[in-house]
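Protein chains in written order, with the numbering used here: chain A, 1014 to 1541; chain B, 296 to 619. Down below is the structure, laid out as structure tokens.
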Amino acid sequence: MKKYQRAIALLMIALVALPVFAGGGKEAAATAAGTPDDPVTIDLWFGASMTEAGMIPEDWVGYDIIRNELGIDLKLTMLPSSESDQDVKVQAAGAGNALPDLFQVRRPVLVNLVNQGLVADVTDCFDKMPVRTAQQYDEASKQNTTIDGRIYGFASPGMIVRNEGLLVRKDWLDNLGLEVPTTTEEFLEVARAFTFDDPDGNGIDDTYGYGAFVETDANLKGYPGSRLWPIMGAFGVEGLWCFDAPNQGLNIYKPEFYDFMVFLKEMCDEGIIDPNWLSYKKDDFRAAWKQGRFGMMYEQNAAYAAEANYAPFDKNFPDGEWQIIDAITGPEGHAAIGAYDMNYRIYAVSQKAVDAGKLDKICELLEWMSGDEGYYLLGWGQEGVNYVLDENGIPVAGDLGDNAFTGSKGQVYTQLRNMVFYNSDVELTSRYPTYTCAVSGKEMSALKALREMQGMKWTNAIGSSTLPTPSADVQRFYDQSLAEFLSGAKELTPENWAAFIDQFNKIGGKVWNDEGVAQLEAEGLVRQ
Amino acid sequence: MRKGKNGSSDAAVRLSDGTGERRHGRLYREVVRHRSVYLLVLLPLIYYIIFKYIPIWNAQIAFKNFRAVAGVSGSPWVGFDNFMEFFNSFYFWSLLRNTVMYSVGKLLISLPLSIILAIAIYECTRPVLRKVVQTLAYLPHFLSWVIMYGILLTLLAPGDGVFNDIVKMFGGTPVDFLSNTSTFPWVVLISDAWKEMGWSAIIFIAALMGIDVSLFEAAMVEGANSWQRVKYITLPAIAPVIVTVLILKLGTILDAGFNQIFMLYSPQVYGVADIIDTWVYRQGLLDFKFSLATAVGLFKGVFGMILVLFANWISRKVTDSSLF
């Protein structure tokens, strides 16, 4: 009987004590020698370079190399692909004081974690990584992770900037005898013709002038988002923030924002913008242009021109052709394709890792990644297995089939490439090779598309990502009100607009704007 | 005399002179005798202890300004500040209204439909048809809301959705069901009913299986038609189960279905779509306000418990049937 009671008691104690050990015991790493026989464990949460591909396999040669050369036992965890899911995962780990040693994080989350004392100050680490610092961390990058004068993360160049553009179906223009639009008036004419004049000649009323979806954030884009930027640019309100004196602050306060809203509302009312645009998610939008639903859009270079992405359009419309065009000019002479900020990928070190004495090993790991061995291994895999070098020294797939870095088996070995890539010419040439379309036989290149897009009129909004973000209520009010004006739930009149701005100010919009303006001025970001 | 596995016996118990000892002995024997049942209970019990009871300790951060480094115990107390932040939120009443609207709406639509479906399946005399209907009705439950969103967009998109194609065929004006504040709540309620109706019917089908068949036979002999059998036998027989389900559902009245709303909503329908959980997601989790999120969770839990106790009391008074 006593045995039985003791067993139950022990079981209950064990159950109650379980959570105490849930976060793991004290890290052994603090005492690890950091040799191949006694490696330091580094837990790394990374953003996958290809979210649709799988995790790096257990047999990846990199694990052995890192252990043997650096004395590091690398533990990898792939973060969720969606930014908000990433944020939740990282913040949940933060709340439990269980952040990994090194992890990718977005700036707003980084600020939260720094405020909680969970992230390490890495201001003094750059000297320990001379190669990587020269490649990736310039002053602007360091500024991006600077909070109260100290640097709390390694901000690497992320997605290529100015890599999106305004595109128009040239074959539709030709069919209807139209010219490329250069002004808002011409833009409307073309959009109407694409909607009502059967530009594809199939005899069915199934096309629209412009296609979009709501792609927004609280730093750079703002509602209704970047897919409308070429139109917003014509009114000088592209981007969430205006950096130009004397209008520095949120673009929504500018009278031209109202003019833009009226313009867009007219497009909605006339039915010349795909009516699904408010419901589309990104994939729906991309499926729609490949099905020939609209003749003008704002799209990213690789999403438009990379071989796998362009193939369905090429198959559906072998005679179809998209043309990248420059920004359209608005009534006051404004024109911009969009606003751009530096897209940094931030990796932060947890305070826990520093307390466990791992900071030097983390720096060593990052430096190795940017050296020749790490750069090619993480970027393209093993030479001869996942890539070969062409006559210009550019890694290419060659005849390696599925094992190539572009193949279904090989691509998983490059999931860490975003930790080493810095948008060099080698990377871009390798990533965006020129190819011949399977059906139409056209020659295409996402790199050529990128260079064209980058050459258009863009508005510099560097620093947007560091500006304050609104509370959830203010954000909701902003997004919801604009959406209701566009959907017609709220009538778009000057009086209603003024009432909206007034209410926006009252619930915290003005405070948000004032904080942003103060920061813009303090950091010297205002353009005179 | 039956011996326990470890050699203990009733005789041994009789030798001891304490009544408490005898009681423990009986308990021990009962546990050993029904050990398979206790083993079955063990896993859920462990689950509940680890994931439901131990975390209650952490609920104290609802009254604290939670600092991860300081931990649950070390974070400073702030009284009811987090609750006040929620109650004083600009959208509090809108959030509460939407949450209750969807919860009650789902209850009013899904529950009767589940009961009707269960009765229809039970009454169906063709086994093949019954199995096909049952399977088809269960199927949507296993689809995630991501998939459901894709299906709904295909059906309801204003440009080329199936419904709007029909509307246009008859000369009507397309409706953006997912972006229109008038239609969005109906999309939520009906899609939820479609997805969960079959699954929810299982408990009622199980209850129907327990009805004495002789009652139906007797009714048929007396000339009762199908409707009369349902009205006078089936519904009264499963009434306690309906009451139980209703009471349990009241406990989660402030859970309006985060996954569904999160997938379906967009800024143009925030006014009728934003619920407490989506607000907590944006305000609490994305902004690292875990204390606020916990305070809201605690509020929902307490509110739900009060409703359950109240409904249980009412049910006992009115129908003589209650959960506890």
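Virtual Cβ for every residue (Gly too), placed ideally from N, Cα, C.
Query raised in the report: Taking C-alpha atoms, which residue in B:317, B:355, B:390 and B:345 lies nearest to residue 568 of chain B?
Result: B:390
Report task. Indicate whether at least one CB of chain B lies closer than 7 Å to the CB of residue 1486 of chain A. Result -> yes
**Report entry** Presumed contact (8 Å Cβ cut-off) between residue 1485 of chain A and residue 578 of chain B, rounded CB distance
**Finding:** 4 Å
Report task. Could you list which residues in chain A have their beta carbon closer than 7 Å to that of residue 591 of chain B, in chain order? Result -> Simply none; closest approach about 12 Å.
Query raised in the report: How long is the line joining the alpha carbons of residue 1291 of chain A and residue 1201 of chain A, rounded to whole angstroms?
Result: 19 Å
Query raised in the report: Can you list the alpha helix (DSSP H) stretches of 4 or more residues lying completely in the stretch 1147–1175 of chain A, in chain order?
Result: 1152–1157
Report task. Count the other C-beta atoms from every protein chain shown that fall within 10 angstroms of the C-beta of residue 1408 of chain A, then say buried if there are 16 or more, exposed otherwise. Result -> buried
**Report entry** Chain-ordered neighbours of residue 1405 of chain A on chain E, where CB pairs are closer than 7 Å
**Finding:** No chain E is present in this structure, whose protein chains are A and B.
Query - Option in A:1295, A:1327, A:1149 and A:1321 with minimal Cα separation from residue 1305 of chain A - result: A:1327
Query raised in the report: For residue 1144 of chain A, which option in A:1378, A:1395, A:1101 and A:1269 has the closest C-alpha, if you only look at C-alpha atoms?
Result: A:1378
**Report entry** CB-CB length for residue 1191 of chain A against residue 1113 of chain A, believed under 8 Å
**Finding:** Not confirmed; about 55 Å, so no contact.
Query - Rounded C-alpha distance that separates residue 294 of chain B from residue 490 of chain B - result: Outside the displayed span of chain B (296 to 619) sits residue 294 of chain B, for which this structure offers no information.
Query raised in the report: What do you reckon, are the CB atoms on residue 1273 of chain A and residue 1287 of chain A nearer than 7 Å?
Result: no
Query - Under the three-state DSSP convention, the category residue 1376 of chain A falls into - result: helix
**Report entry** Terminal residues of the alpha helix (DSSP H) in which residue 257 of chain B lies
**Finding:** The structure shown does not extend to residue 257 of chain B, since chain B spans only 296 to 619, so no value can be given for it.
Query raised in the report: Thinking C-alpha only, which one of A:1125, A:1422 and A:1258 is nearest residue 1066 of chain A?
Result: A:1422
Report task. Please state if the CB of residue 1401 of chain A and the CB of residue 1414 of chain A are separated by a distance shorter than 7 Å. Result -> no
Report task. Thinking residue 1157 of chain A and residue 1147 of chain A are a contact (beta carbons under 8 Å), I'd like their distance in whole angstroms, please. Result -> Not confirmed; about 17 Å, so no contact.
Query raised in the report: Is DSSP giving residue 292 of chain B helix, strand or coil here?
Result: In the structure displayed, chain B extends from 296 to 619; residue 292 of chain B sits before or after that span and is not available.
Query raised in the report: Span of the alpha helix (DSSP H) holding residue 1187 of chain A?
Result: 1183–1189
**Report entry** Bounding residues of the alpha helix (DSSP H) (the contiguous stretch that carries residue 1305 of chain A)
**Finding:** Segment: none, residue 1305 of chain A is in no alpha helix (DSSP H) and carries neither H nor E.
Report task. Could you tell me which residues DSSP pairs with residue 1088 of chain A in its beta bridges? Result -> A:1056
Query raised in the report: residue 1133 of chain A to residue 1526 of chain A, Cα distance in whole Å?
Result: 30 Å
Report task. Counting only the same chain and skipping the five closest in sequence on each side, list residues whose C-beta sits under 7 Å from that of residue 486 of chain B. Result -> 443 and 447
**Report entry** Own chain partners of residue 352 of chain B with C-beta closer than 8 Å, once the 5 adjacent residues on each side are dropped
**Finding:** 367
Query raised in the report: Which residues in the same chain have their Cβ closer than 7 Å to the Cβ of residue 1434 of chain A, if we skip the five residues on either side of it in sequence?
Result: 1392 and 1440
Query - Same chain, Cβ closer than 7 Å to residue 635 of chain B, neighbours up to 5 away in sequence not counted - result: Here chain B has residues from 296 to 619 only, and residue 635 of chain B is not among them.
Query raised in the report: At what residues does the beta strand (DSSP E) containing residue 1359 of chain A begin and finish?
Result: 1357–1362
Report task. Quick one: using the 10 Å Cβ neighbour count with 16 as the cut-off for buried, is residue 1487 of chain A buried or exposed? Result -> buried
Query - Residues that residue 1400 of chain A bridges to, as DSSP identifies them - result: A:1396
Query raised in the report: With burial defined as no fewer than 16 other Cβ atoms inside 10 Å of the residue's Cβ, what is the status of residue 1073 of chain A: buried or exposed?
Result: buried
Report task. Report yes or no: is there a C-beta of chain A within less than 7 Å of the C-beta of residue 476 of chain B? Result -> yes
Query raised in the report: What is the rounded straight-line gap between the Cα of residue 1043 of chain A and the Cα of residue 1130 of chain A?
Result: Because residue 1043 of chain A carries a pLDDT of 49, less than 50, the predicted location of this residue cannot be relied on, and no value is offered for it.
Query - Integer Cβ distance of residue 1185 of chain A from residue 1207 of chain A, believed to fall under 8 Å - result: 6 Å
Query raised in the report: Can a CB atom of chain A be found closer than 7 Å to the CB of residue 330 of chain B?
Result: no
Query raised in the report: For a contact meaning CB atoms closer than 8 Å, what does residue 480 of chain B contact in chain A?
Result: Those within 8 Å of residue 480 of chain B in chain A number zero; the least Cβ separation is about 14 Å.
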